[in-house]
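**Q** Sharing a structure, written as C-alpha cells. Questions coming.
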Amino acid sequence: MSSDAIAMHLPQAERRTLVETLHDWATTVDHKRIGLLYIGYALLFLVVAGIEALIIRIQLMYPHNDFVGPQVFNRMFTMHGTTMIFFFAMPILFGFGNYLVPLMIGARDMAFPRLNAFSFWLSAFGGFLLYFSFLGGSGLYGAGSAPDVGWWAYAPLTARAFSPGSSTDYWTIAVLVSGFGSIGTAVNLIATILCMRCPGMTLGRMPLLAWLYLTMSGLALIGITPLSAAQIMLLVDRYLGGHFFDTQAGGSAPLWMHFFWIFGHPEVYILVIPAFAFMSEIIPVFSRKPIFGYPVMVAATVCIAFVSMSVWAHHMFTIGMNSYANSFFAITTMAVGVPTGIKIFNWLGTMWGGRIQFKTPMLFSIAFLFQFLIAGLTGIIQAAVPFDWQLSLSYFVVAHFHYVIVGGILFAIFAAFYYWYPKVTGRLLSERLGKVHFWLFVLGFHLTFDVMHVPGLLGMPRRIYTYEPGRGWDTLNLLVSIGAFVQAVGLLVFVANLIVSYWKGKRAGNDPWDAWTLEWSVSSPPPAYNFATVPTVASRRPLWDLKHPEDPDSRYE
Amino acid sequence: MPGYELTNIFAPETTPARSIVDLSILVLSITGLIFLVVFSLLVYVIVKFRSRPVTAAREPAQVYGSTQIELAWTIIPVLIVVVLFVATARVIHAVQDAPQPATAVEVTVIGHQFWWEYRYPALGIVTANELHIPVSPVDQPRPTFMRLLSADTDHSFWIPQLAGKTDLIPNRINTMWMDPHRTGVFVGQCAQYCGIQHAKMLQRVSVDSAEDFDAWVRAQQQPAVRDDAVAGGRRVFETTACINCHAVGGTPANGRFGPDLTHLMSRATIASGAAANTTDNLRLWLENPDAIKPGSLMPAMKLSDRDLDALVGYMESLR
Amino acid sequence: MRSAVAVETITIPAVEAPAAWSLPDRGKIAMASLIIAESAIFTIFVVAYLFYIGKSVSGPTPRDVLETPLFYTICLLSSSFTIHYAGKVLERGRRRMFLGLWLVTLALGGLFLFGTAQEWDRLIYDHGLTISTNLFGTTYYSLVGLHAFHVSAGLVMLGVVSILAAIGRFGLSQITRVEVISMYWHFVDAVWVVVFTVVYVIGR
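Residue numbers (the working numbering), protein chains in the order written: chain A, 890 to 1446; chain B, 11 to 329; chain C, 444 to 647.
As C-alpha cells, then:
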C-alpha cells in the first residue's frame, strides 16, 4: 500500500476581478466559504450589538442620565439581545460547524451544499430585515422603528393594542426567517455527520466536536421550532385578528411564556454545546493528552440535551405557578447541573498529568473553565426557587447569563479563533496581540460582570432606562460601564489581530499545534475538495497514530 | 425626593423574605464550597502540570479515563442536588401554600401602565401607588394577603425586603403575602418590562403601627374634601377630560384608567414615584407629563396658566 | 500568494480498510430530521388547541358547528397506502403502474384539500366562524390550516414527480427520492390522525 504524498501545483492564480470574487462568494456552495460567510457576518453583528450595549451602559452610568430617552433605550436592549443571540451567536457557531465538521470527519463537503448556502442567505436576510426596522418600521403614532418589546417579546405587550406600528413584526419575521435557516443547517449537519463519515470512522471514533454538533443540531430541530410556532401564532394575532395571546378574549399570556422558554432554554444549550465542542478539541491538544473520558463526555452531552428540554419554566418562577410545578422545575434545573459539572471535571482530568502549553487558545480555555464554573453555580443558585423570587428579573440574572454567554461561550469562541485561524488562512494569529486581547478582555469582563451581580442583590430590576439615586446602585453601574469599554478595546485588539495576521502572521503549515484530528492533515488553507484521497481511520486520533506508530490509539480502543 | 434606603434582599423584614435568606445561606454555602474545591483544582492543575522546557519534548502518559473517578464525580453532585432540592421544596411550600389567617388584611393590587392600583375590598378603599399595611408583630400576626391582577400587560410586584417578587398578569390572579415585623417605609419598583415607562413604575410601602394604620384607613374612607376656596379648580377638573380617567370620591369623577385622586395629598410622590408631591411638580405634571415621565399615558391637557393654577389648587385640597 | 504553491497533504494510509462501509442515506436522514422539526411545530399548535378547549369567551363552540369529515379523512389515509404501493411497484420497475398509483395519491390528497375548503366555506358563511371570532376559531383554523398547508406542499412535490414520471424521466434510480417523499406524505397523514383526534374527538 503506497502512501502517496500528493504534491499539487496550483496553476498560476488568475487575477479575478472584484465582481468575479464577489460573485464567487455570493454563489458559493463550498462549506468552508459558507462557514466563513457565517463567521464574517456574525462578527459584523457582534460589533453592532456591542455598540448597542455601550449605549445601554453609557445611559446607565449615572442615575437620571439623559444620554438616550426611554424609547431609544428600550429599542437598544431589545436589539442587543435579539442580535447577539440570533445574528451573532447562532451564525458564528453554525459557521464554525460548517467549516470544521466535514474536515474533521473526512468528508469533502456537507451533505447538502445548496441547502447550506440557502440556509445562510435566509439567516442573512433575517438580520438585514431586523435592522431595516430602524428605517422602515415607523407605523402609526411614530410607534415604529426598531422593536422595543424585549428579546422575549412577552405577550400581551406585543399585541397590536400595546405595540402599534410594525416594529414588533420586524422582530417576529426576521427571527422566524432566520430560524428556518437554522433548521436547514441543523438538518444538514445531522445528515453530514450520520451519512458522510470517512471509512473507519464509526460514531465512537468521531471527534467530540462532531458528536457535540450532532447533539446541538438535534436539539435545534425541536428547540427552535417551538419559537417558530409561537411566532406564527403572534402573526395570526397581529394580522388576522387571532386571539392566541389576547388576554381580553380569554387568551393566555403565560402560554407565550411557556412556548418561548421551551425554545429559550434549549437555545442556550444550542449555544453552549458548540462551545463545549471547542473546549473538548483544544484542551487536549494543549495539555498533550487525549480527552479524559470520551464516552462519558458524549453521554453527558446527550443527557444535557434531553434534560434541557425539561427545565424551561425556571425562567418563569415568578409568574405564579403552583408549588408543585415550581418544585418540578427546580429539580430538573438542578439535575441538568450534574452532567454539566461532569464535563468540567473531565476537562480538568484531561489537563491533569499533562504538559500544559499556555498559548492563546489555552489561555482562553482556562478562563472558560473558571468563568463557566461560576456561571453554572449562579445558575444552580437560582434554581433554589424562593431565592429566585428575589433574583429573577434583576441584574443578578443579567450578570449570570452574560457570565455564561460572554465568560463561557465567547471565550470559547475566541479560543476557537486562535486555534483554527491558522488552518483557515495559513497564518498564525499574533501571540502578543492575543495575550493583550486576552488580558484586556478578562479585566473588562470581570469588572463588568462580577460587579453586576451586586445591583441585582440590591433590588435593581432589568430593562430600566434609568434609576433613582440613593438606591446604592450608582457606583456599581459606573464600574460596570467602565468594564464594558475595556472589553470593547479588547475586542478591537482582536479584530486588529485578525486583519494584521492575515498578511503578517507567521506561516502555519498544516499542523502548527501538533494536533491529532483530520483537519490538521490537509494544507492550510485546505484545498477546495478537502481531501485528495478520502482518508480511512482506525482510532479517534488518526494523526496521533501516524505520529506515534509505536503507541497508536487504535491499540486501546 | 423622599428618602430612599438600600433595598438589600439580605435585609429581610418579613417571614417569607426571611425564609428566602435562610435558604440562600445554605445554597450559597454549598455552591461556594463547590467553587473553592474546583477552583483550587484548576489552579493546582495549571501550576503543577504546566509544560516546562525539560519535559516539553516528551508526550505525557496518554490516559483515556477512569471509571472510578468518573463515578465519584457523578454521585457526589447527585447527592448535593438532592440536599439542595429538599431544602428548596420545603421553603416553596411554606411560602406559597401558607394559609390565610382571619386577621389578614386583604389588598387587591392591579397593575397598570405605569402605576399601581390598590384596593382594600373589606375596607372600601381605593388608592394608588403608595401602599399602607399594618405591622405584623410575631406574637400578634396581622399579615397582608394580596391578590395580583393586571389591567393591561405583565408587571411584577417587588419590594425586596418584604417578599420575593410575584408577577401581575392579565387574565390571571396571582397571590402573595407579607407580614412585616417592623414599621417603616420600603421601596421597590415594577420588575417585569411593561412598556416605555417601566423604569418609573416605582413602589412605596408604608408599614404602619396599628394606630397609624387605622387612622390612615379612616382618612382614606372619607369622601373627598370639599373646599369651596378651590371651586374654580374643581370646575376645571370636572369639565375637562380629567374625569374620563380619574376618580375623586363623592364627586361625579369616577374614571378608572388613571389613579384615584381622592386623597392625592396623602401620598409622598406623584406619577408612581417619579416625582415628589410638591406644588411645582404637580404643576409640571399637569402641564407637561413628558417632562417627568416621557411616554406615560397621562396626556398634556393644554390648559391656560390660570386654569392650571386653579387645578393645582384643587389637587392640593384633596387631602 | 501569487506563485504556484506545492500543496502537501498527509495521506492517511488505509490501516485496515473496513469490509463494508455503509452509512444511512442522507436524503432519508434529512427528511427524518425535517419530520422531527415539523412535529415540534405541530405539537405546539396542538398544545395551544388543547389548552384553549372550552375557554372561548363567546361565539360558536365545536359542538355547535363541527361535522366529522370522515370521508375526506379516509381519502387522505388511503393515499398513504397508494403511495406505499407506488414505491413498491417502482422497485420492480413497473413505471406505468407507479405513475398510476402516484396520480391516485395526488388525487386523494387533492380531494382531502377540497374537503377542507368545503368545510371552511360552511363554517365561515353558514356559522360565522372565522379565525378572529373566538379562541376556538383561532386555534381551529390555525391547526387545520397548518396541516392543509403541509398537504399542499406535499401535493406540489407529488405533482413535480408526476410530471417527471409522465415525460419518462423517472425510473428505478430515483427510488430513494420516492421513499423520501413518501416519508413526508406518511408524516402528513400521521399528523392528520392527531389533528382529527384532537379537533373532532377530544375537542368536542
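Where a beta carbon is used, it is the ideal one built from N, C-alpha and C, also for glycine.
In its own chain, which residues sit with a C-beta less than 7 angstroms from the C-beta of residue 1236 of chain A, not counting the 5 before and 5 after it?
**A** So the list reads 1168, 1172 and 1258, once near-sequence residues are dropped.
**Q** So which residues of chain A does residue 95 of chain B contact, with C-beta pairs closer than 7 angstroms?
**A** 1219, 1220 and 1223, listed in chain order.
**Q** Roughly how many angstroms separate the alpha carbons of residue 1032 of chain A and residue 468 of chain C, rounded to a whole number?
**A** Low confidence applies to residue 1032 of chain A: its pLDDT is 46, below 50, so where it sits in the model is not reliable, and the reading given next is rough at best. Residue 1032 of chain A and residue 468 of chain C: Cα-Cα distance of roughly 51 angstroms.
**Q** Tell me, which residues are paired with residue 167 of chain B by DSSP?
**A** The partner list for residue 167 of chain B (beta bridge, DSSP) reads B/176.
**Q** Tell me the rounded alpha-carbon separation between residue 890 of chain A and residue 1441 of chain A.
**A** Its pLDDT being 38, under 50, residue 890 of chain A is placed unreliably in this model, and the value from its coordinates should be taken loosely. If I take the Cα positions, the gap works out to 19 angstroms.
**Q** Please report the residue range of the alpha helix (DSSP H) in which residue 1466 of chain A lies.
**A** As shown, chain A starts at 890 and ends at 1446. That puts residue 1466 of chain A outside it, with no answer to give.
**Q** Flag residue 1401 of chain A as yes if its beta-carbon sits less than 8 angstroms from any beta-carbon of chain B, otherwise no.
**A** No, because no Cβ of chain B sits closer than 8 angstroms to the Cβ of residue 1401 of chain A.
**Q** List the residues of chain A that residue 488 of chain C touches, going by C-beta distances under 7 angstroms, in chain order.
**A** The answer, in chain order, is 1118.
**Q** Using a Cβ-Cβ distance under 8 angstroms, would residue 954 of chain A count as near chain B?
**A** Not closer than 8 angstroms to any Cβ of chain B, the Cβ of residue 954 of chain A fails to qualify, so no.
**Q** Determine, using beta-carbon pairs with one atom in the segment 997 to 1011 of chain A and one in the segment 916 to 931 of chain A, whether at least three such pairs fall under 8 angstroms.
**A** Touching, yes, given that three or more Cβ pairs across the two stretches are closer than 8 angstroms.
**Q** Please list, in chain order, the residues of the segment 158 to 175 of chain B that have any C-beta partner in chain A closer than 8 angstroms.
**A** Under the 8 angstroms Cβ criterion, the segment 158 to 175 of chain B contributes 158, 162, 163, 164, 166, 168, 170, 173, 174 and 175.
**Q** So the alpha helix (DSSP H) residue 1112 of chain A belongs to, where does it begin and stop?
**A** Counting along the chain, the alpha helix (DSSP H) containing residue 1112 of chain A begins and ends at 1097 to 1112.
**Q** Is it right to say residue 1411 of chain A is buried, meaning 16 or more other beta carbons lie within 10 angstroms of its own, or is it exposed?
**A** Under this definition residue 1411 of chain A is a buried residue.
**Q** Distance check for residue 1124 of chain A and residue 1148 of chain A, CA to CA, integer angstroms please.
**A** The alpha-carbon atoms of residue 1148 of chain A and residue 1124 of chain A are separated by roughly 15 angstroms.
**Q** When the Cα atoms are used, what is the spatial distance from residue 164 of chain B to residue 257 of chain B?
**A** Taking the straight line joining both Cα atoms gives about 24 angstroms.
**Q** Should residue 468 of chain C be flagged as near chain A, meaning a C-beta pair shorter than 8 angstroms?
**A** Output row for residue 468 of chain C: interface = yes.
**Q** For a test of the three-state rule: what should DSSP assign to residue 214 of chain B, helix, strand or coil?
**A** Correct three-state label for residue 214 of chain B: strand.
**Q** State the Cα-Cα distance for the pair residue 1274 of chain A and residue 1159 of chain A, rounded to the nearest angstrom.
**A** Each residue's Cα considered, the two are about 24 angstroms apart.
**Q** In the structure shown, what three-state DSSP assignment does residue 121 of chain B receive?
**A** Note: residue 121 of chain B maps to strand in three-state DSSP.
**Q** I'd like to know if residue 55 of chain B contacts chain A, where contact means its C-beta is closer than 8 angstroms to some C-beta of that chain.
**A** Yes, residue 55 of chain B counts as interfacial toward chain A.
**Q** Assuming the contact rule is C-beta atoms closer than 8 angstroms, residue 1247 of chain A and residue 1307 of chain A should be a hit. Round their C-beta distance to whole Å, please.
**A** About 12 angstroms separates the two Cβ atoms, so there is no contact after all.
**Q** Look at residue 1194 of chain A and residue 1104 of chain A and say whether their C-beta atoms are less than 8 angstroms apart.
**A** Cβ atoms of residue 1194 of chain A and residue 1104 of chain A: closer than 8 angstroms.
**Q** Return the chain-ordered list of same chain residues with a C-beta closer than 6 angstroms to the C-beta of residue 540 of chain C, the five sequence neighbours on each side being excluded.
**A** 532.
**Q** Kindly confirm or deny that the segment 149 to 162 of chain B and the segment 178 to 193 of chain B touch, where touching means at least three C-beta pairs closer than 8 angstroms.
**A** Enough Cβ pairs lie closer than 8 angstroms, so yes.
**Q** By the DSSP assignment, the alpha helix (DSSP H) with residue 1289 of chain A in it spans what residues?
**A** Where residue 1289 of chain A is concerned, the enclosing alpha helix (DSSP H) stretches over 1284 to 1291.
**Q** Does the segment 1108 to 1123 of chain A come close enough to the segment 545 to 562 of chain C to have 3 or more Cβ pairs within less than 8 angstroms?
**A** With the cut-off at 8 angstroms, the segment 1108 to 1123 of chain A and the segment 545 to 562 of chain C do not touch.
**Q** On a Cα-Cα basis, can you pick out the residue from B/327, B/287 and B/49 that is closest to residue 233 of chain B?
**A** Residue B/327 is the option with its Cα nearest to residue 233 of chain B.
**Q** If you follow the alpha helix (DSSP H) that residue 10 of chain B is part of, which residue opens it and which one closes it?
**A** For chain B, the structure presents residues 11 to 329; residue 10 of chain B sits outside this window and is missing.
**Q** If I measure Cβ to Cβ from residue 1131 of chain A and keep anything under 6 angstroms in the same chain, skipping five residues before and after, which residues do I get?
**A** Same-chain partners within the cutoff: 1125.
**Q** Quick check: what's the CA-CA separation for residue 1268 of chain A versus residue 1341 of chain A?
**A** Taking the straight line joining both Cα atoms gives about 15 angstroms.
**Q** Would you mind sorting residue 514 of chain C into buried or exposed? The rule is 16 or more other CB atoms within 10 Å of its CB.
**A** Exposed, by the Cβ-count rule.
**Q** Any Cβ of chain B within less than 8 angstroms of the Cβ of residue 1279 of chain A?
**A** Answer yes: the Cβ-Cβ gap between residue 1279 of chain A and chain B drops below 8 angstroms somewhere.
**Q** Any residues in the segment 1353 to 1368 of chain A with a beta carbon nearer than 9 angstroms to a beta carbon of chain B? Which ones, in chain order?
**A** So the list reads 1353, 1354, 1355, 1356, 1357, 1358, 1359, 1360 and 1361, given in the order they occur along the chain.
**Q** Determine whether the beta carbon atoms of residue 599 of chain C and residue 545 of chain C lie at a separation below 8 angstroms.
**A** Their beta carbons are not under 8 angstroms apart, which means residue 599 of chain C does not touch residue 545 of chain C by this criterion.
**Q** Using a Cβ cut-off of 8 angstroms, which residues of the segment 1080 to 1092 of chain A contact any Cβ in chain C, in chain order?
**A** Here the close residues are 1080, 1081, 1083, 1084, 1085, 1086, 1088 and 1089.
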